[in-house]
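Student:
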Amino acid sequence: MSAFTQKLSSYLDQLRQRLPDRQAALVPSHVFFCRQVDLPEKLGREETYAFLELFLEANAPFPVDQLAWGYLGDPRSHFAFLYATPRSRLKALGFDLAGPAVQIFPGFVSLFGPTADQATIRFVSQNGVLSAIHLEPLNPVPSKVISFPIEEELLTDEVLLKARDGSLQEHPESDLQVEPGLWLGEGIELTADLKPRFALRHLSASTPLPSLLNAPSLSDETLWAADLRDDAFAKKESQTRLRSQWVWKSLRAAVATALFLLFGQLVSLLLATYDGFVEKDLADLEPKATRIENKLTLADRLTRSTKEDIRPFLLMEAINPQRPAAIYYNDVRSRSFNMLEIEGQSVQGVSPVNAFADAIEKIPGVESVVNNSRTRNNQTSFEFIITFKDLPNEPEGGFVLPNPDEPEAASD
Numbered sequence: 099m100s101a102f103t104q105k106l107s108s109y110l111d112q113l114r115q116r117l118p119d120r121q122a123a124l125v126p127s128h129v130f131f132c133r134q135v136d137l138p139e140k141l142g143r144e145e146t147y148a149f150l151e152l153f154l155e156a157n158a159p160f161p162v163d164q165l166a167w168g169y170l171g172d173p174r175s176h177f178a179f180l181y182a183t184p185r186s187r188l189k190a191l192g193f194d195l196a197g198p199a200v201q202i203f204p205g206f207v208s209l210f211g212p213t214a215d216q217a218t219i220r221f222v223s224q225n226g227v228l229s230a231i232h233l234e235p236l237n238p239v240p241s242k243v244i245s246f247p248i249e250e251e252l253l254t255d256e257v258l259l260k261a262r263d264g265s266l267q268e269h270p271e272s273d274l275q276v277e278p279g280l281w282l283g284e285g286i287e288l289t290a291d292l293k294p295r296f297a298l299r300h301l302s303a304s305t306p307l308p309s310l311l312n313a314p315s316l317s318d319e320t321l322w323a324a325d326l327r328d329d330a331f332a333k334k335e336s337q338t339r340l341r342s343q344w345v346w347k348s349l350r351a352a353v354a355t356a357l358f359l360l361f362g363q364l365v366s367l368l369l370a371t372y373d374g375f376v377e378k379d380l381a382d383l384e385p386k387a388t389r390i391e392n393k394l395t396l397a398d399r400l401t402r403s404t405k406e407d408i409r410p411f412l413l414m415e416a417i418n419p420q421r422p423a424a425i426y427y428n429d430v431r432s433r434s435f436n437m438l439e440i441e442g443q444s445v446q447g448v449s450p451v452n453a454f455a456d457a458i459e460k461i462p463g464v465e466s467v468v469n470n471s472r473t474r475n476n477q478t479s480f481e482f483i484i485t486f487k488d489l490p491n492e493p494e495g496g497f498v499l500p501n502p503d504e505p506e507a508a509s510d
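What the sequence shown shows, in the working numbering, is residues 99 to 510, in sequence order.
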């Protein structure tokens, strides 16, 4: 298992080496010339881009096609913050606009987003360059950015704070609130949708603020507006990223589906194996179960035979006390353990027969009496079908059968 893990790790390392290193890049802020540009109302993204391009053509010391430029904007702001630098200067610094970088921004963009309640100066340091960002109340777009490199070989926290204090002495702003300390950039990470998040640590001579992982509050359109590449590159790259995201999502869905099917196959295999064990156990237990079932069937039959034995004398003993003297029996049958059939005659008509049937129905334990009686030629015959719900108890000492040697018993 360990050899397989090592081999898989080796393959993944090789794959990572072949993939391009996708990172965001921050250009030192001091190479840009910046302007606050008032915007007409209700301009769209493309109209704003064209408006600022015309502004550069009229005011920049270089032709627009020789400039790398971008701007920061926000719906809460009535102006845009425009910045530009010659492409040759970026090339001299080692920044390739056509390279693999996901985004290319000026360093001060890393602190874009948080607003202030009043006019404020906020300091940020990126790539050895200190920037003083001027903010209007509740407006995230800077009105001015002053940047200068720090002329020290070792950039310690004390050196950075000293450079900040020196910039305030060179550029005093009495009407602006100055935030304490400064924010120091400590790296960039990309989200799953390739949007940058900037890690910032606060430096202060007193109590520093907690570290900040700032994701600039920029939509996809305004994110590309802040990028230094031109609009044509931004549109092409946006489409490429959309296709890449779609391919990536499709690949993840395919992998998830394959894993689900593989899991289903494993579960099916495990269930089949389990079924085989269960069927084997059932096959082993089947003869034993058959023997037990046969024993239970025999026991049930013996129990029913004991409990439901046909005992006509017991049933007769229960009804005989109610028999009138005018009635005698011709035939008595019992086809079930709780049923008695009697055929007989009455010498005094049908009234004793009906009275006898009513009396039998009142006996405890009798469920029903079917009385079929008829009178013909002044002779009444009847047939009773008597059903018992509870069998009567046997008399103590058992039944006394008539003695044929005694005339009275015989006549009775």
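All C-beta atoms, glycine included, are put in the ideal place defined by N, C-alpha and C.
For the beta strand (DSSP E) containing Ile417, list its first residue and its last residue.
Tutor: By one-based count along the sequence shown, residue 417 stands at place 319. Taken as a continuous stretch (DSSP letters only), Ile417 belongs to no beta strand (DSSP E), being part of the alpha helix (DSSP H) at Pro410 to Ile417.
Student: Among the residues of its own chain, which have a CB less than 8 Å from the CB of Gln420, if the five just before and after it don't count?
Tutor: Locating residue 420 in the sequence shown gives position 322, counting from the first residue. Hits under 8 Å: Phe454, Ala457, Ile458 and Ile461.
Student: Apply the 10 Å Cβ neighbour rule to Phe358 and answer buried if 16 or more other Cβ atoms are within range, or exposed otherwise.
Tutor: The residue given as residue 358 occupies position 260 in the sequence shown. Counting Cβ neighbours within 10 Å, Phe358 comes out exposed, since fewer than 16 surround it.
Student: Ala158 by DSSP, collapsed to three states: which one?
Tutor: The residue given as residue 158 occupies position 60 in the sequence shown. Correct three-state label for Ala158: coil.
Student: Going by DSSP, what residues sit across from Ser444 in a beta bridge?
Tutor: Locating residue 444 in the sequence shown gives position 346, counting from the first residue. Ser444 is bridged to Ile425 and Thr478.
Student: With which residues is Glu55 paired in a DSSP beta bridge?
Tutor: Since the first residue of the chain shown is 99 and the last is 510, residue 55 is not available in this structure.
Student: Output the distance between the C-alpha atoms of Leu438 and Pro450, rounded to the nearest integer angstrom.
Tutor: Taking the first residue of the sequence shown as position 1, residue 438 is located at position 340. Taking the first residue of the sequence shown as position 1, residue 450 is located at position 352. Computed Cα separation, rounded: 19 Å.
Student: I need the straight-line Cα distance from Val257 to Leu280, nearest angstrom please.
Tutor: Looking up residue 257 in the sequence shown gives position 159. Looking up residue 280 in the sequence shown gives position 182. Roughly 12 Å between the two C-alpha positions.
Student: Sort Ser302, Pro306 and Asp194 by Cα distance to Gln121 and report the nearest one.
Tutor: Along the sequence shown, one-based indexing puts residue 121 at 23. The shortest Cα separation from Gln121 among Ser302, Pro306 and Asp194 belongs to Asp194.
Student: I'd like to confirm the pairing. Which residues does DSSP put opposite Lys242 in its beta bridges?
Tutor: Stepping through the sequence shown from its first residue, residue 242 is reached at position 144. DSSP output for Lys242 lists His232 as bridge partner(s).
Student: Whole angstroms are fine: how far does the CA of Pro159 sit from the CA of Gly192?
Tutor: The sequence position of residue 192 within the sequence shown is 94, counting from 1. The sequence position of residue 159 within the sequence shown is 61, counting from 1. Rounded to the nearest angstrom, the two C-alpha atoms are 22 Å apart.
Student: Count the other C-beta atoms from every protein chain shown that fall within 10 angstroms of the C-beta of Gly285, then say buried if there are 16 or more, exposed otherwise.
Tutor: The residue labelled residue 285 in the question sits at position 187 within the sequence shown. The residue is exposed, with fewer than 16 neighbouring Cβ atoms inside 10 Å.
Student: First and last residue of the alpha helix (DSSP H) that includes Phe130?
Tutor: In the sequence shown, counting from the first residue as 1, residue 130 sits at position 32. Premise fails: Phe130 is in no alpha helix (DSSP H) and is neither H nor E.
Student: For Pro235 and Ala356, what's the separation of their Cα atoms in angstroms?
Tutor: As a working mapping, residue 235 is identified with position 137 in the sequence shown. As a working mapping, residue 356 is identified with position 258 in the sequence shown. Taking the straight line from one Cα to the other gives about 54 Å.
Student: Are the CB atoms of Leu233 and Val222 nearer to each other than 8 Å?
Tutor: Locating residue 233 in the sequence shown gives position 135, counting from the first residue. Locating residue 222 in the sequence shown gives position 124, counting from the first residue. Not in contact: Leu233 and Val222 (Cβ atoms no closer than 8 Å).
Student: For Val243, I'd like the list of residues in its chain whose CB is within less than 6 Å of its CB, leaving aside the five on either flank, ordered along the chain.
Tutor: In the sequence shown, counting from the first residue as 1, residue 243 sits at position 145. Cys132, Phe206, Ser229 and Ile231.
Student: Just list the beta strand (DSSP E) runs in the segment 172-205, keeping only unbroken ones of 3 residues or longer that don't cross its boundaries, in chain order.
Tutor: Entirely contained in the segment 172-205, the beta strand (DSSP E) runs reaching 3 residues are, in chain order, 177-184 and 202-204.
Student: Using a Cβ distance threshold of 8 Å, determine whether the segment 131-149 contacts the segment 287-303, with at least three qualifying pairs required.
Tutor: The segment 131-149 is not in contact with the segment 287-303.
Student: Please identify the residue among Pro173, Glu251, Arg327 and Leu311 whose C-alpha is closest to the C-alpha of Ser317.
Tutor: As a working note, residue 317 is residue 219 in the sequence shown. Selected option, being the one with the closest Cα: Pro173.
Student: Helix, strand or coil for Asp291 per DSSP?
Tutor: As a position in the sequence shown, residue 291 is number 193, starting the count at 1. Looking at Asp291 - three-state DSSP - the assignment turns out to be coil, as it is neither helix nor strand.
Student: Sort Thr289, Gln104, Ala330 and Tyr372 by Cα distance to Leu311 and report the nearest one.
Tutor: Counting from 1 along the sequence shown, the entry for residue 311 is found at position 213. Closest by alpha carbon: Thr289.
Student: Closest to Ser186 by C-alpha separation, out of Pro161, Ala214 and Pro212, would be which residue?
Tutor: The sequence position of residue 186 within the sequence shown is 88, counting from 1. Selected option, being the one with the closest Cα: Pro161.
Student: Give the DSSP-derived three-state secondary structure of Thr305 in the structure shown.
Tutor: Walking along the sequence shown from the start, residue 305 turns up at place 207. Coil at Thr305, not helix or strand.
Student: Taking C-beta to C-beta, are Phe59 and Gln134 nearer than 8 Å?
Tutor: This structure does not reach residue 59, given that the chain is present from 99 up to 510, and the question cannot be answered.
Student: Do you know how far the Cα of Lys347 is from the Cα of Thr371?
Tutor: Translated into the one-based positions of the sequence shown, residue 371 becomes position 273. Translated into the one-based positions of the sequence shown, residue 347 becomes position 249. Looking at the two C-alpha atoms, the distance is approximately 36 Å.
Student: Name the one or two DSSP bridge partners that Thr320 has.
Tutor: By one-based count along the sequence shown, residue 320 stands at place 222. None; Thr320 has no bridge partner.
Student: What is the rounded straight-line gap between the Cα of Val448 and the Cα of Pro490?
Tutor: For the purposes of this step, residue 448 is identified with residue 350 of the sequence shown, where counting begins at 1. For the purposes of this step, residue 490 is identified with residue 392 of the sequence shown, where counting begins at 1. Cα to Cα, Val448 sits roughly 28 Å from Pro490.
Student: What are the boundary residues of the alpha helix (DSSP H) that Ile219 is part of?
Tutor: The residue you call residue 219 lines up with position 121 of the sequence shown. Counting along the chain, Ile219 falls outside any alpha helix (DSSP H), though it belongs to the beta strand (DSSP E) covering Thr218 to Gln224.
Student: Please report the Cβ distance between Gly168 and Ala324, rounded to the nearest whole angstrom; I am assuming they are in contact, meaning their Cβ atoms lie under 8 Å.
Tutor: Taking the sequence shown and counting its residues from 1, the one referred to as residue 168 is at position 70. Taking the sequence shown and counting its residues from 1, the one referred to as residue 324 is at position 226. That pair is a contact at about 5 Å.
Student: Can you give the beta carbon distance from Phe486 to Leu413, rounded, assuming they're within the 8 Å contact cut?
Tutor: Taking the first residue of the sequence shown as position 1, residue 486 is located at position 388. Taking the first residue of the sequence shown as position 1, residue 413 is located at position 315. So it is a contact: roughly 7 Å between Cβ atoms.
Student: What is the rounded straight-line gap between the Cα of Gln443 and the Cα of Ile390?
Tutor: Along the sequence shown, read from residue 1 onward, the residue named residue 443 stands at position 345. Along the sequence shown, read from residue 1 onward, the residue named residue 390 stands at position 292. When rounded, the distance between both Cα atoms is 53 Å.
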